[in-house]
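Numbering (the working numbering), first residue to last: 4 to 385. Just so you know, even glycine gets a beta-carbon here, dropped at the ideal spot from N, CA and C. Below: one structure, written as structure tokens.
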Amino acid sequence: MQLSSKLPNQGITIFSTMSALAQRLNALNLSQGFPDFPAPPDLVEALCEATRNGHNQYVAGDGWLALREQVALQFQQRDQVTLDPLNEITITPGATIGLFAAIQATIHTGDEVIIFDPSYDSYDPAVRVAGGVPVHIALDAPAFKVDWDKVAAQISPRTRMIIVNTPHNPTGTIWSYQDWQQLIALVEQHDLLVLSDEVYEHLIFDGAKHWSALHFPALRERSFVVGSFGKTFHVTGWKTGYCVASAALMQLFRQIYQYANFCGNTPAQIALAQYMQQHPEHIEGLADFYQNKRDLFNAALQNSDFQFTPAQGTYFQTVDYSHIRPDLNDLEMCHVLAQEKGVVAIPISVFYQHAPAHLRLIRFCFAKTEQTLELAAQRLGE
Ligand code: GLN
4 MQLSSKLPNQ
14 GITIFSTMSA
24 LAQRLNALNL
34 SQGFPDFPAP
44 PDLVEALCEA
54 TRNGHNQYVA
64 GDGWLALREQ
74 VALQFQQRDQ
84 VTLDPLNEIT
94 ITPGATIGLF
104 AAIQATIHTG
114 DEVIIFDPSY
124 DSYDPAVRVA
134 GGVPVHIALD
144 APAFKVDWDK
154 VAAQISPRTR
164 MIIVNTPHNP
174 TGTIWSYQDW
184 QQLIALVEQH
194 DLLVLSDEVY
204 EHLIFDGAKH
214 WSALHFPALR
224 ERSFVVGSFG
234 KTFHVTGWKT
244 GYCVASAALM
254 QLFRQIYQYA
264 NFCGNTPAQI
274 ALAQYMQQHP
284 EHIEGLADFY
294 QNKRDLFNAA
304 LQNSDFQFTP
314 AQGTYFQTVD
324 YSHIRPDLND
334 LEMCHVLAQE
344 KGVVAIPISV
354 FYQHAPAHLR
364 LIRFCFAKTE
374 QTLELAAQRL
384 GE
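Structure (structure tokens):
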């Protein structure tokens, strides 16, 4: 039989590769982004209770209504935007399928989608599967700011969508209000859609503010916003997220999503809704919680020859190792660190279509216990 790949040249993701390496070497895994500490006990109890109470069958395809209402409440309080939980919010099994379905729903053969590199690894393949053409625009270290003239120059009559990710994985940078204003001018001028990946919406440091695409009335009718309860509640393995869009866009989204997955996990949705109702302090304290971890890790790294600008958001710290082993590319550096120091990181070049030749950056995840962070920083300082 003749087999033909829809994603030729696509290997196994860097996250699977590096987590497997960490496991094989029994090394500290600061690569794939997930916490090594427990989920909130009351949340775990709520999940058990939901299953014991018989919530073990399919939930409504668009998600448990009480959880959609909690999402709406978050946006109301933070962004002063009123969402209709019935028609504008869908609970999905993770943000990844939300991104995928939004792209499949709106990108047609030959449509161009602008992606800022370094970019989260699922955007480009999702565009290709839809028959679209990813147009990558590289951002330069260390600021990773968007050059808006460069973006304007890349827009063609086929451009259909711009993908935004703030706070940004892997660089830990955030978009300013001015960035959004520049985006709005372009998408209005060229009638473009926005797919805004905001999975780290609550992980934002030093008093900075997260601007959601939904905050801006000009983007309301042309944006999808995707989020992840996995990041917010320390339960990445529950694979539960959400997608928000105007009713017209959401209708397109659901046409695809209902056949990609039909619905998410029932007890997880019920547990999250209950926990959000009963524990508003969880989200309120999340930025400080992760800022303390960032500061602990970075303070310990000060003793090393790694150079870095503290992450403004996310739970990732990107560091430059050019003063340590400039002779190694970033994948080689990750292998050396794993084998010689027992600490596994993620190379940044994999997030680029064409990585700059002299890129010497790797990413550490600091969603870890103090003990793990101190041990890792101590080994890295040697
Ligand atoms: N988003 C996580 C990271 O950046 C990993 C998710 C995944 O494994 N696909 O590390």
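Which of helix, strand or coil does DSSP assign to glycine 230? strand
Please determine if the segment 164–173 and the segment 184–204 are in contact, where contact requires at least 3 C-beta pairs separated by less than 8 angstroms. yes
Rounded C-beta distance between proline 350 and cysteine 337? I'm assuming under 8 angstroms. 5 angstroms
Using CA atoms only, rank isn't needed, just tell me which of Ala379, Ile100 and Leu6 is closest to glycine 345. Ala379
Rounded to whole angstroms, what is the Cα-Cα separation between glutamine 185 and serine 159? 17 angstroms
Cβ pair count under 8 angstroms reaching 3, the segment 58–66 against the segment 262–276: yes
The ligand GLN heavy atom lying under 7 angstroms from the CB of glycine 36: yes
In angstroms, rounded to a whole number, what distance separates the CA positions of valine 238 and alanine 271? 10 angstroms
Enumerated in chain order, which unbroken segments of the beta strand (DSSP E) with a length of 3 residues or greater are wholly contained in the segment 240–309? 244–248
Return the residue from the list Glu115, His326, Arg161 and Ala211 that minimises the CA-CA distance to serine 179. Ala211
Residue burial classification, cysteine 246 (beta-carbon count within 10 angstroms, cutoff 16): buried
Apart from the five residues on each side of it in sequence, which residues of its chain come closer than 6 angstroms, Cβ to Cβ, to arginine 363? Asp323, Tyr324 and Ser325
Determine the direct distance from the alpha carbon of glutamine 320 to that of serine 352, and round the result to whole angstroms. 15 angstroms
Could you tell me the alpha carbon to alpha carbon distance between tyrosine 318 and asparagine 59, rounded to whole angstroms? 32 angstroms
Inspect the beta-carbon positions of proline 88 and alanine 75 and report whether they are closer than 8 angstroms. yes
Tell me the rounded alpha-carbon separation between alanine 156 and alanine 341. 41 angstroms
With DSSP run on the structure shown, which of helix, strand or coil describes serine 179? coil
Tell me the DSSP secondary structure of arginine 366 in three-state form. strand
Looking only at its own chain, which residues have a Cβ that is under 7 angstroms from the Cβ of aspartate 39, when we skip the five neighbours before and after it? Lys371, Thr372 and Thr375
Cα-Cα separation, asparagine 332 to glutamate 385: 20 angstroms
Let me check you understand the geometry: is the CB of phenylalanine 18 closer than 7 angstroms to at least one non-hydrogen atom of the ligand GLN? yes
What is the DSSP secondary structure of aspartate 333, reduced to helix, strand or coil? helix
Nearest-angstrom Cβ-Cβ length linking glycine 113 and arginine 161, presumed shorter than 8 angstroms: 6 angstroms
Shortest alpha-carbon distance to glutamine 79 belongs to which of His218, Arg382 and Gln277? His218
With a threshold of 8 angstroms, are at least 3 pairs of Cβ atoms found where one atom belongs to the segment 249–258 and the other to the segment 100–113? yes
Let me check you understand the geometry: is the CB of asparagine 172 closer than 7 angstroms to at least one non-hydrogen atom of the ligand GLN? yes
Using the C-alpha atoms, what's the distance from serine 122 back to leucine 86? 28 angstroms
Quick one, which of Arg131, Trp183 and Ala141 has its alpha-carbon nearest leucine 10's? Arg131
Start and end residues, beta strand (DSSP E) containing leucine 198: 196–200
CA nearest to the CA of glycine 316, picked from Tyr293, Ala303 and Val197: Tyr293
Could you tell me which of Ala141, Tyr126, Ile94 and Arg81 sits nearest to leucine 70, measuring between CA atoms? Ile94
CB-CB length for proline 137 against isoleucine 165, believed under 8 angstroms: With a Cβ gap of about 11 angstroms, proline 137 and isoleucine 165 do not count as contacting.
Please report the straight-line C-alpha distance between valine 354 and alanine 146, rounded to a whole angstrom. The residue asked about is misnamed: residue 354 is phenylalanine in this sequence, not valine. About 16 angstroms.
Glutamate 385 - DSSP class collapsed to helix/strand/coil: coil
Backbone CA spacing between tryptophan 151 and isoleucine 207 [nearest angstrom]: 23 angstroms
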